[in-house]
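Residues 1 to 279, numbered by full-length UniProt numbering, are exactly what the sequence shown covers, in order.
C-beta: ideal position from N, C-alpha, C; glycine also.
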Amino acid sequence: MPASSYRDVTGYGANPPSFTWPGGTRVAVSLVINIEEGAERGTAPGMQTAFDYGARAGIWRILRTLDRHGAPATAFCCAVALEANPAVSAALVDRGYEIADHGYRWEGHSGLDIGAERDLIVASRDAIRASTGMRPTSWYSKDGLNVFTRRTLAAEGFDYESNSFNDDLPHWGPADEGTRLPVLPYAGDTNDAGLASQFPTGSAFARHLMDTLDFQLDDPRPGPSVMSVGLHPRVIGRPAYAGALDRFLSHAAERGAWIATRQEIVRWWLDQGGGHEAL
Ligand SMILES: [Zn+2]
């Protein structure tokens, strides 16, 4: 693959690794809570209050739901959103959730030069550490990667990135200058953002999540996989939608999926040898 690209269109192909997740299950489920409210800019005043709903009410409803199921989560945190709501910041830390970096002010990063992007990554990392007492483990920007982003992340102490949508498994992501970083791909379809377009009701979203998990568990392709579920407090925290998450978590427990933080998933994959890719 060209060293000047962060893309790799071959990956594991027909030969995925053969390990299982803890407990012998084939599917790891990653719940991701996006903490963005208060960090958005350019939002019309009417929409600002819809964002506020997520920070004031929605996040607490999500936390109650996850607490009921004993389910851990990874929080994709915008630094400014944590600063705006210390009680939410403390609630995430108290639960032992993984704290990941979602940018300083939820800005786009694609097209930035290396110095400008590094300054923003360092600023958000340090602000998140000040709010939570924890070094963010990983990175997910509002938009995409640059060819040097993984190199910057590795140099600045990030363990992996989630800023890719390119697989069902962790893998090694290339960067420029021959560097690489573990990648745990995120997912766009198993994401409550679709409740504004793709899913007409909470029930449709719950069905989509359960169908995804069932197919991955029963897939005749051998080997493990990961299912990422993207959650936004201003969306899934609405009463009509919160039940979808509750039903999915009951289903995941019945089917024996391993619900884990993204950091736990990446560590387990590394412990199994980090796949079998040569790079
Ligand atoms: Zn987000």
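Buried or exposed for residue i, please, with buried defined as at least 16 other CB atoms from any protein chain shown within 10 angstroms of its CB.
i: Val9; result: exposed
i: Arg221; result: exposed
i: Phe165; result: exposed
i: Glu37; result: buried
i: Pro174; result: buried
i: Ser162; result: buried
Could you spell out the range, first to last residue, of the beta strand (DSSP E) harbouring residue i?
i: Glu36; result: Where Glu36 is concerned, there is no enclosing beta strand (DSSP E), given that its DSSP letter is neither H nor E.
i: residue 281; result: Any property of residue 281 remains undetermined from this structure, which presents the chain solely from 1 to 279.
i: Ala154; result: No beta strand (DSSP E) contains Ala154, which is instead part of the alpha helix (DSSP H) from 149 to 155.
i: Ala100; result: 98 to 101
Given residue i, which residues of its chain have a CB within under 6 angstroms of its CB, disregarding the five upstream and five downstream residues?
i: Ala260; result: Ala28
i: Asp192; result: Leu231, His232, Val235, Ile236
i: Leu120; result: Tyr104
For residue i, I'd like the list of residues in its chain whose CB is within less than 8 angstroms of its CB, leaving aside the five on either flank, ordered along the chain.
i: Gln216; result: Arg26, Val27, Asp168, Ser225, Met227
i: Gln272; result: Pro17, Phe19
Just list the residues that DSSP pairs residue i with in beta bridges.
i: Pro17; result: DSSP lists no partner for Pro17.
i: Leu245; result: Paired residues: none, contrary to the question.
i: Pro182; result: Trp172
i: Ile259; result: Val29
Nearest to residue i by alpha carbon, out of the options?
i: Gly70; options: Ile62, Cys77, Phe76; result: Ile62
i: Glu156; options: Ser164, Asn146, Trp139, Leu145; result: Trp139
i: Pro182; options: Asp189, Ala240, Asn34, Leu153; result: Leu153
i: Arg41; options: Ile33, Asn34, Phe51; result: Phe51
i: Tyr6; options: Arg150, Ala252, Glu264, Gly273; result: Arg150
i: Arg68; options: Leu270, Trp258, Gly275, Ala253; result: Ala253
Hey, quick one: how far does the alpha helix (DSSP H) through residue i stretch, first residue to last?
i: Val9; result: That residue, Val9, is in no alpha helix (DSSP H); it is neither H nor E in DSSP.
i: Phe215; result: 202 to 218
i: Thr132; result: 114 to 132
i: Glu264; result: 262 to 271
i: Ala87; result: 86 to 94
i: Thr74; result: Unbroken run through Thr74 is the beta strand (DSSP E), 74 to 77; no alpha helix (DSSP H).
Starting from the C-beta of residue i, find all residues in its chain whose C-beta is less than 7 angstroms away, skip the five residues before and the five after it, and write them out in chain order.
i: Gly243; result: Gly202
i: Gly188; result: Phe165
Regarding residue i and ligand 3, is the C-beta to nearest heavy atom distance less than 7 angstroms?
i: His208; result: As for ligand 3, it is missing from this structure, which binds only ligand 1.
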